[in-house]
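A.B. asks: Oh and the sequence shown: position 183 is 318 in my numbering, straight run, nothing missing. Even for Gly, the Cβ is constructed at its ideal location relative to N, Cα and C. In this text, all values refer to a predicted model and were calculated from it rather than measured experimentally. One structure, pasted below without further comment.
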Amino acid sequence: MNDRLISIVLPVYNQADHIGPIVEEHEAALAQLEYAHEMLLVVNACRDRSLEVCQELADKHPAVQVLHSEVGGWGRAVKLGLSQARGDLLCYTNSARTSTQDLLLLLLYAVVYPNVVVKANRKIRESFFRRLGSLLYNLECRALFDLANWDINGTPKVFPRTFDRLLDLNRNDDLIDLEFHVACRHYSYPIVEIPILSGERHGGRSTTKIRSALKMYWGAFELRRNQDAG
Numbered sequence: 136m137n138d139r140l141i142s143i144v145l146p147v148y149n150q151a152d153h154i155g156p157i158v159e160e161h162e163a164a165l166a167q168l169e170y171a172h173e174m175l176l177v178v179n180a181c182r183d184r185s186l187e188v189c190q191e192l193a194d195k196h197p198a199v200q201v202l203h204s205e206v207g208g209w210g211r212a213v214k215l216g217l218s219q220a221r222g223d224l225l226c227y228t229n230s231a232r233t234s235t236q237d238l239l240l241l242l243l244y245a246v247v248y249p250n251v252v253v254k255a256n257r258k259i260r261e262s263f264f265r266r267l268g269s270l271l272y273n274l275e276c277r278a279l280f281d282l283a284n285w286d287i288n289g290t291p292k293v294f295p296r297t298f299d300r301l302l303d304l305n306r307n308d309d310l311i312d313l314e315f316h317v318a319c320r321h322y323s324y325p326i327v328e329i330p331i332l333s334g335e336r337h338g339g340r341s342t343t344k345i346r347s348a349l350k351m352y353w354g355a356f357e358l359r360r361n362q363d364a365g
């Protein structure tokens with residue numbers, strides 16, 4: 136067994152009906168790797184039985200841990216998970232959208248190329264309007280922050296612990312992924328994007344609606360303005 140430890144952070148939000156099979160499939164595949172791993176399930180502001188289901192998974196699988204936040208927010212869940220992760224290689228991803236195959240693919244890339252950030256570039260969206268909305272947001276982010284990458288919100292994102300500035304992110308909301316890219320740009324952390332063609336959700340509904348999308352567009356402007364002010 137290689138002595139490298141991989142930490143995988145999976146935020147969980149109202150996913151009691153499908154988080155079990157996801158974790159079971161991930162665990163079965165990860166057990167075949169020569170690297171030890173830990174999986175941190177960050178249950179945040181759930182109104183269903185997600186916490187109980189995740190605790191049952193932790194009781195069954197030694198590599199699974201459960202963290203609980205009574206306050207919601209994608210960024211808050213990601214930060215909580217990363218703060219408790221012990222691995223040399225750190226990963227966070229959207230548990231509702233990430234297939235086991237894609238997770239393993241990006242982890243293996245990161246193992247082979249340990250001195251870069253490896254992230255997904257999703258090539259498929261559910262609808263024309265989601266494709267358009269994503270394109271506009273990514274164009275905005277590239278223009279505001281001189282970014283070279285696409286699919287700002289694409290996960291999995293995998294990076295070495297030595298890129299420690301990525302552990303000091305501040306956003307509690309969906310803009311943490313943009314903050315992640317801006318930090319990589321500022322500290323010259325190279326990014327490799329891996330095309331991902333799978334796009335189906337395991338279950339539940341996306342929390343990104345027109346209102347939240349507009350909030351992200353405006354949030355990107357605010358992040359740029361705050362950066363200039365600082």
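Quick one: give me the first and last residue of the alpha helix (DSSP H) that GLU357 is part of.
C.D. replies: In this chain, the alpha helix (DSSP H) harbouring GLU357 covers 345–364.
A.B. asks: GLU173 bridges to which residues according to DSSP?
C.D. replies: Looking at the DSSP assignment, GLU173 forms a beta bridge with SER142.
A.B. asks: To the nearest angstrom, how far is it from the Cα of GLY208 to the Cα of LYS350?
C.D. replies: 14 Å
A.B. asks: Taking 7 Å as the CB-CB limit, is VAL327 close to chain B?
C.D. replies: Included in the structure is just one protein chain, with no chain B present.
A.B. asks: Give every residue of the same chain whose Cβ lies closer than 6 Å to the Cβ of MET174, excluding the five residues on either side of it in the sequence, and list them in chain order.
C.D. replies: If we look at MET174 and ignore the five residues flanking it on each side, its Cβ neighbours are ILE143, ALA198, VAL199.
A.B. asks: For the ligand SAH, I want to know if TYR352 counts as a neighbour, meaning its beta carbon is within less than 6 Å of at least one of the ligand's heavy atoms.
C.D. replies: Absence of the ligand SAH is noted for the structure shown, with no ligands found whatsoever.
A.B. asks: Given this structure, state the Cα-to-Cα distance separating ALA171 from ILE141, to the nearest angstrom.
C.D. replies: 6 Å
A.B. asks: Tell me the rounded alpha-carbon separation between VAL246 and LEU224.
C.D. replies: 8 Å
A.B. asks: Is ILE111 near LEU304, with beta carbons less than 7 Å apart?
C.D. replies: In the structure as shown, the chain begins at 136 and stops at 365. Residue 111 is therefore absent and cannot be evaluated.
A.B. asks: Work out the CA separation of GLU191 and GLN219 for me, nearest whole Å.
C.D. replies: 20 Å
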